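S.K.: Everything in the sequence shown is counted per numbering that gives the first Met the number 0, starting at 0 for the first residue and increasing by one.
Note that beta-carbon positions come from the ideal geometry of N, C-alpha and C, so glycine has one too.
None of the values given here were measured: they were computed from a predicted structure.
After the structure tokens below, expect a handful of questions from me.
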Amino acid sequence: MPLWRAARQPAALLRAPRSGAAAAAAAGRRRHIAGPELVPHAELWGAPVPDGPGSANLDWASLGFDYVPTNGHVRYVWKDGQWDSGRSLRDPYIPVHILGNVFHYGQALFEGFKVFHTRNGTVCAFADNMNHERMGHGCRRFRIPEVPWSLWKKAVDDVIRANVAFVPPYGSGGALYVRPFIFGSGPRLGLGPSPEYTFVVFVNPVGSYYKTGQLEALDALVNTEYDRAAPLGCGDCKAAGNYAADLESMHMAKSRGFPISLYLDAREQRYVEEFNTSNFVAITKDGKYITPQAPRSVLPSNTNRVLRQLAADLGITVEQRPIDFEAEVDSFAEVGAVGTAVVVTPIRSFTRGDRKWTFGEPKVLKQLLDAVRGIQDGEAEDRHSLMRRLDLVPEKRGTMLSIYPGL
Numbered sequence: 000m001p002l003w004r005a006a007r008q009p010a011a012l013l014r015a016p017r018s019g020a021a022a023a024a025a026a027g028r029r030r031h032i033a034g035p036e037l038v039p040h041a042e043l044w045g046a047p048v049p050d051g052p053g054s055a056n057l058d059w060a061s062l063g064f065d066y067v068p069t070n071g072h073v074r075y076v077w078k079d080g081q082w083d084s085g086r087s088l089r090d091p092y093i094p095v096h097i098l099g100n101v102f103h104y105g106q107a108l109f110e111g112f113k114v115f116h117t118r119n120g121t122v123c124a125f126a127d128n129m130n131h132e133r134m135g136h137g138c139r140r141f142r143i144p145e146v147p148w149s150l151w152k153k154a155v156d157d158v159i160r161a162n163v164a165f166v167p168p169y170g171s172g173g174a175l176y177v178r179p180f181i182f183g184s185g186p187r188l189g190l191g192p193s194p195e196y197t198f199v200v201f202v203n204p205v206g207s208y209y210k211t212g213q214l215e216a217l218d219a220l221v222n223t224e225y226d227r228a229a230p231l232g233c234g235d236c237k238a239a240g241n242y243a244a245d246l247e248s249m250h251m252a253k254s255r256g257f258p259i260s261l262y263l264d265a266r267e268q269r270y271v272e273e274f275n276t277s278n279f280v281a282i283t284k285d286g287k288y289i290t291p292q293a294p295r296s297v298l299p300s301n302t303n304r305v306l307r308q309l310a311a312d313l314g315i316t317v318e319q320r321p322i323d324f325e326a327e328v329d330s331f332a333e334v335g336a337v338g339t340a341v342v343v344t345p346i347r348s349f350t351r352g353d354r355k356w357t358f359g360e361p362k363v364l365k366q367l368l369d370a371v372r373g374i375q376d377g378e379a380e381d382r383h384s385l386m387r388r389l390d391l392v393p394e395k396r397g398t399m400l401s402i403y404p405g406l
């Protein structure tokens with residue numbers, strides 16, 4: 000690691016342990032200080048001095064939605080009825096018992112939200128309280144101990160501080176994607192809750208979901224060969240297994256030339272549920288914002304929740320209700336797939352069997368997208384307190400160290 004980079008690392012930095020010659024060399028460097036650039040600020044002053052957003056110097060304009068190595072992640076373990084104090088780690092691998100519940104009985108939930116560098120220079124998480132709320136619902140459904148808000152907030156804040164250099168700078172169009180997840184990590188041979196759970200938060204800088212940086216309307220297949228979730232199942236939880244079950248369906252649709260498909264309800268194949276990984280919304284020809292209501296089978300999208308609020312702010316009538324596909328599809332003026340990754344993906348057409356329906360330009364949906372992005376970038380008023388400002392220096396500072404002997 001270059002010395003200038005070492006000098007700018009946060010204090011509690013996810014450091015890999017040294018041993019042998021490396022440890023001796025490191026000790027020698029500390030004893031023979033050739034200049035202040037060789038000593039991390041925190042070792043002199045006892046408080047971390049984080050890098051600024053964008054200081055990782057990545058090619059921000061070329062970022063997509065792919066894995067990028069960062070400074071590490073934060074990990075907590077629940078055992079014997081309580082959470083431990085957590086650890087910050089560089090290693091992107093997690094040792095798990097061969098009988099880990101997640102491997103055999105699928106106890107796993109995840110979330111995803113974004114952190115932004117705003118116009119006024121702050122770093123803010125977008126609506127992560129909603130993600131915490133949704134994970135709590137999933138934990139109750141899957142018999143997983145809930146993550147307290149205080150622990151969630153600390154884990155998120157700590158991992159952002161350690162990786163603030165990877166927050167794409169304002170104006171780049173990017174964000175730091177945050178992925179909290181929890182899984183049964185303890186050994187369990189018979190079916191039942193795990194004796195141990197691991198909660199992890201890691202981050203990944205992302206750019207535009209589309210390589211062009213522009214909205215791209217997609218042709219969608221109405222999926223009549225697979226169901227996403229059972230009527231009284233766990234489709235309303237962000238469970239890992241729900242996404243694994245979608246892979247074959249997604250492959251089938253793509254093999255037929257459709258990058259996205261729409262699921263209908265499992266009971267009647269009549270009512271709209273959601274797309275592969277996104278909620279369904281439509282703007283009707285009479286100007287209403289409509290989205291399905293199926294409490295046990297449709298995942299409650301936080302993006303959809305925000306869009307509904309912003310639509311209401313604009314005076315648009317919002318309806319969350321059952322949507323009869325065949326009876327109502329001709330009333331759709333605009334259709335969108337909404338989610339964290341892209342906010343809104345316009346749908347150009349639906350195909351079901353030998354029938355096809357096409358839709359207009361996403362004028363209202365584009366207006367709502369711009370409203371969300373304005374808030375995220377700090378360019379529009381945050382009337383609903385969606386942005387949580389992150390303090391990049393912890394409240395508790397370390398003991399101040401001195402290079403002089405005590406007096």
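So, is Lys-237 buried or exposed, given that buried needs 16 or more other C-beta atoms within 10 angstroms?
M.R.: Locating residue 237 in the sequence shown gives position 238, where the first residue counts as 1. With 16 or more other Cβ atoms within 10 Å, it is buried.
S.K.: Can you confirm whether the stretch 307-325 touches the stretch 196-206 when touching is taken to mean that 3 or more C-beta pairs between the two stretches lie within less than 8 Å?
M.R.: No, they do not touch.
S.K.: Taking the continuous beta strand (DSSP E) assigned at Asp-218, which residues delimit it?
M.R.: Against the sequence shown, residue 218 aligns to sequence position 219. Run containing Asp-218: 217-222, per the beta strand (DSSP E) assignment.
S.K.: Please name the residue in Leu-88, Met-129, Asn-162 and Ile-289 whose C-alpha comes closest to that of Asn-56.
M.R.: Translated into positions along the sequence shown, residue 56 becomes position 57. Ranking the options by Cα distance to Asn-56, first place goes to Asn-162.
S.K.: May I have the straight-line CA-CA distance separating Phe-279 from Lys-287, to the nearest angstrom?
M.R.: Within the sequence shown, numbered from 1, the residue matching residue 279 stands at position 280. Within the sequence shown, numbered from 1, the residue matching residue 287 stands at position 288. Cα to Cα, Phe-279 sits roughly 14 Å from Lys-287.
S.K.: Tell me whether Arg-133 is buried or exposed, calling it buried when 16 or more other Cβ atoms sit within 10 Å of its Cβ.
M.R.: One-based indexing of the sequence shown puts residue 133 at position 134. Buried, by the Cβ-count rule.
S.K.: Return yes when the Cβ of Phe-102 is within less than 8 Å of the Cβ of Ala-340, no when it is not.
M.R.: Translated into the one-based positions of the sequence shown, residue 340 becomes position 341. Translated into the one-based positions of the sequence shown, residue 102 becomes position 103. Contact flag unset, no.
S.K.: Note the first and the last residue of the continuous alpha helix (DSSP H) segment covering Leu-364.
M.R.: Within the sequence shown, numbered from 1, the residue matching residue 364 stands at position 365. Segment 362-375, the alpha helix (DSSP H) holding Leu-364.
S.K.: Over what stretch of residues does the alpha helix (DSSP H) that includes Thr-339 continue unbroken?
M.R.: For the purposes of this step, residue 339 is taken as the residue at position 340 of the sequence shown. It is not in any alpha helix (DSSP H) - Thr-339 carries neither H nor E in the DSSP assignment.
S.K.: Please classify Leu-368: is it buried, with 16 or more other beta-carbons within 10 angstroms of its beta-carbon, or exposed?
M.R.: The count along the sequence shown starts at 1 and reaches residue 368 at position 369. Answer is buried; the Cβ neighbour count reaches 16.
S.K.: Assess contact between the stretch 144-161 and the stretch 383-393, defined as three or more Cβ pairs (one per stretch) separated by less than 8 Å. Is contact present?
M.R.: Taking 8 Å as the limit for Cβ pairs, the verdict is that the stretch 383-393 does touch the stretch 144-161.
S.K.: So what does DSSP say about Cys-236, is it helix, strand or coil?
M.R.: Counting from 1 along the sequence shown, the entry for residue 236 is found at position 237. Coil at Cys-236, not helix or strand.
S.K.: Can you tell me whether DSSP reads Asp-127 as helix, strand or coil?
M.R.: Taking the first residue of the sequence shown as position 1, residue 127 is located at position 128. Helix, per DSSP.
S.K.: Which residue comes first and which comes last in the alpha helix (DSSP H) that contains Trp-59?
M.R.: Within the sequence shown, numbered from 1, the residue matching residue 59 stands at position 60. Careful: Trp-59 lies outside any alpha helix (DSSP H) and carries neither H nor E.
S.K.: Terminal residues of the continuous beta strand (DSSP E) containing Asn-119?
M.R.: What you label residue 119 is simply residue 120 of the sequence shown in a count that begins at 1. From DSSP, Asn-119 is part of no beta strand (DSSP E); its letter is neither H nor E.
S.K.: Taking Glu-272 as part of the beta strand (DSSP E), name the residues at either end of that continuous run.
M.R.: As a position in the sequence shown, residue 272 is number 273, starting the count at 1. Element bounds for Glu-272: 271-274.
S.K.: If we call anything under 8 Å between Cβ atoms a contact, is Gly-137 one with Leu-175?
M.R.: Against the sequence shown, residue 137 aligns to sequence position 138. Against the sequence shown, residue 175 aligns to sequence position 176. No, they are not a contact pair.
S.K.: Which partner residues does Thr-186 have in the DSSP bridge list?
M.R.: By one-based count along the sequence shown, residue 186 stands at place 187. The question names Thr, but residue 186 is Pro in the sequence shown. The partner list for Pro-186 (beta bridge, DSSP) reads Gly-99.
S.K.: In whole angstroms, what is the alpha-carbon distance linking Thr-344 and Gly-105?
M.R.: Here residue 344 is taken as the residue at index 345 of the sequence shown, counted from 1. Here residue 105 is taken as the residue at index 106 of the sequence shown, counted from 1. If I take the Cα positions, the gap works out to 30 Å.
S.K.: Can you round the beta-carbon distance between Asn-303 and Thr-316 to whole angstroms, since I take them to be within the 8 Å contact cut?
M.R.: As a first step, residue 303 is located in the sequence shown; it is residue number 304 there, counting from the start. As a first step, residue 316 is located in the sequence shown; it is residue number 317 there, counting from the start. With a Cβ gap of about 16 Å, Asn-303 and Thr-316 do not count as contacting.
S.K.: If I'm right that Ser-296 touches Glu-272 with Cβ under 8 Å, what's the distance once you round it to whole angstroms?
M.R.: Here the question's residue 296 lines up with position 297 in the sequence shown. Here the question's residue 272 lines up with position 273 in the sequence shown. About 6 Å; that satisfies the 8 Å criterion.
S.K.: In the DSSP output, what is Val-315 paired with across the bridge?
M.R.: The residue given as residue 315 occupies position 316 in the sequence shown. Residue identity check: residue 315 is Ile in the sequence provided, not Val. Answer by DSSP bridge pairing: none, since Ile-315 is not bridged.
S.K.: Since Phe-279 is in the alpha helix (DSSP H), which residue starts that stretch and which ends it?
M.R.: Indexing the sequence shown from 1 puts residue 279 at position 280. Looking at the DSSP string, Phe-279 is not in any alpha helix (DSSP H); the run it does join, the beta strand (DSSP E), is 278-283.
S.K.: Can you tell me the Cβ-Cβ gap for Tyr-270 and Asp-323, rounded? I've got them flagged as a contact below 8 Å.
M.R.: For the purposes of this step, residue 270 is taken as residue 271 along the sequence shown, with counting starting at 1. For the purposes of this step, residue 323 is taken as residue 324 along the sequence shown, with counting starting at 1. Yes, Tyr-270 and Asp-323 are in contact; Cβ-Cβ is about 6 Å, under 8 Å.
S.K.: Let me confirm a value: Trp-77 is counted as buried when at least 16 other C-beta atoms fall within 10 Å, else exposed. Which label applies?
M.R.: One-based indexing of the sequence shown puts residue 77 at position 78. Its Cβ being crowded by 16 or more others within 10 Å, Trp-77 is buried.
S.K.: Would Thr-223 be called buried (16 or more neighbouring beta carbons within 10 Å of its own) or exposed?
M.R.: Residue numbering aside, residue 223 sits at position 224 when the sequence shown is read from its first letter. By the 10 Å Cβ count, Thr-223 comes out exposed.
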